[in-house]
Amino acid sequence: MTRRTLFAVAVAATVLITPNAGRAQEKSGEGVLTAESLKTILEGLGHDIEKDVKNKDGKVIGYQIELKQPKSVTHPQITISSDGTVFWISAALSKVENIDAVPKSILGEMMIANDKMGPCFFHFDSSNNFFYISTFTMNKAIKPKDVKRSIDTVAGNVEQYENLWLPDKWPEAKKK
22 MTRRTLFAVA
32 VAATVLITPN
42 AGRAQEKSGE
52 GVLTAESLKT
62 ILEGLGHDIE
72 KDVKNKDGKV
82 IGYQIELKQP
92 KSVTHPQITI
102 SSDGTVFWIS
112 AALSKVENID
122 AVPKSILGEM
132 MIANDKMGPC
142 FFHFDSSNNF
152 FYISTFTMNK
162 AIKPKDVKRS
172 IDTVAGNVEQ
182 YENLWLPDKW
192 PEAKKK
């Protein structure tokens, strides 16, 4: 074998056995969001950036915006995963001091709603006692219209399912 052939074999073997070898190229490809391109898109869609969202190392990975809607105001964080492969939107909805006090009927309805509103889903973060709504998509071929559609989907589900995440709307709250 010639040196050129050996080099080609070595490169091919490295790409095949290294799990993240193709990701660097994928991350910098067209339509792959970075924090910088995400900010440009959000501002182009008319959103004001409330604050930068940073990872534990202090690197900006996304932004928080304000969404004003007829029934609610939310502050979703729109971020890129640490490995750059996933685009996330996540909004804190309501704080619940005691998860055991949430009516089982509400938790059951949240599970049913998760099935209906995919790719969005409700979840509870026990580290801060907040209900959230989140969605994600693979960070490939993302265009401004895709970001807008994802934001609009989250916003629509926040409005539609307000009776599930807002404790004042729970049937038990109306009895008090």
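If you want this note's numbering, it's the 1-based position in the sequence shown plus 21.
Just so it is clear, CB atoms sit at the ideal spot from N, CA and C, and this is done for glycine as well.
Since we're looking at a predicted model, the values are computed, not measured.
Is the region 156 to 167 in contact with the region 87 to 95, if contact means three or more CB pairs nearer than 8 Å?
no
Please list the terminal residues of the continuous beta strand (DSSP E) segment that includes Ala-112.
Residue 112 sits at position 91 when you count from the first residue of the sequence shown. Where Ala-112 is concerned, the enclosing beta strand (DSSP E) stretches over 107 to 116.
Minimum C-alpha distance to Glu-87 - residue among Val-117, Leu-185 and Ile-110:
Along the sequence shown, read from residue 1 onward, the residue named residue 87 stands at position 66. Closest option to Glu-87, Cα to Cα, is Ile-110.
Return the residue from the list Gly-139, Leu-114, Met-138 and Val-175 that minimises the CA-CA distance to Leu-187.
Numbered from its first residue, the sequence shown carries residue 187 at position 166. Per the Cα distances, Leu-114.
Cβ-based neighbour list, Glu-118, same chain, cut-off 7 Å, excluding 5 preceding and 5 following
In the sequence shown, residue 118 corresponds to position 97, counting from 1. Excluding positions up to five away in sequence, the list reads Asn-150.
Which term fits Ala-162, buried or exposed, when burial requires 16 or more other beta carbons within 10 angstroms of its beta carbon?
Start at 1 with the first residue of the sequence shown, and residue 162 comes out as number 141. Flag for Ala-162 reads exposed.
Can you find at least 3 beta carbon pairs, one from the region 120 to 134 and one from the region 100 to 110, that sit closer than 8 Å?
no
Report buried or exposed for Ser-171, applying the criterion of at least 16 other Cβ atoms within 10 angstroms of its Cβ.
Here the question's residue 171 lines up with position 150 in the sequence shown. Under this definition Ser-171 is a buried residue.
Have a look at the DSSP bridge pairing and note the partners of Gly-83.
Residue numbering aside, residue 83 sits at position 62 when the sequence shown is read from its first letter. Val-74 and Thr-100.
Cβ-based neighbour list, Asp-73, same chain, cut-off 7 Å, excluding 5 preceding and 5 following:
In the sequence shown, the residue the question calls residue 73 occupies position 52. Val-81 and Tyr-84.
May I ask you to report which of helix, strand or coil DSSP gives Thr-174?
By 1-based counting over the sequence shown, the position of residue 174 is 153. Correct three-state label for Thr-174: helix.
Helix, strand or coil for Ser-148? Go by DSSP, reduced to three states.
In the sequence shown, residue 148 corresponds to position 127, counting from 1. In the structure shown, Ser-148 sits in coil (DSSP, three-state: anything other than H, G, I, E or B).
Of the residues Gly-67, Val-175 and Lys-77, which one's Cα is nearest the Cα of Ala-112?
Translated into the one-based positions of the sequence shown, residue 112 becomes position 91. It is Val-175 whose Cα lies nearest to the Cα of Ala-112.
Integer Cβ distance of Pro-165 from Leu-59, believed to fall under 8 Å:
Position 144 of the sequence shown holds residue 165. Position 38 of the sequence shown holds residue 59. No, Pro-165 and Leu-59 are not in contact; Cβ-Cβ is about 10 Å, not under 8 Å.
Spell out the partners DSSP gives Ser-155 in its beta bridges.
Stepping through the sequence shown from its first residue, residue 155 is reached at position 134. Ser-111 and Phe-142.
By the 10 Å Cβ neighbour count, where 16 or more other Cβ atoms means buried, how is His-144 classified, buried or exposed?
Taking the first residue of the sequence shown as 1, we reach residue 144 at position 123. Flag for His-144 reads exposed.
DSSP has Lys-89 in a bridge; who is on the other side?
The count along the sequence shown starts at 1 and reaches residue 89 at position 68. Bridge partners of Lys-89: Val-94.
Go ahead and pull the three-state DSSP assignment for Thr-55.
Start at 1 with the first residue of the sequence shown, and residue 55 comes out as number 34. Three-state DSSP puts Thr-55 in coil, outside helix and strand.
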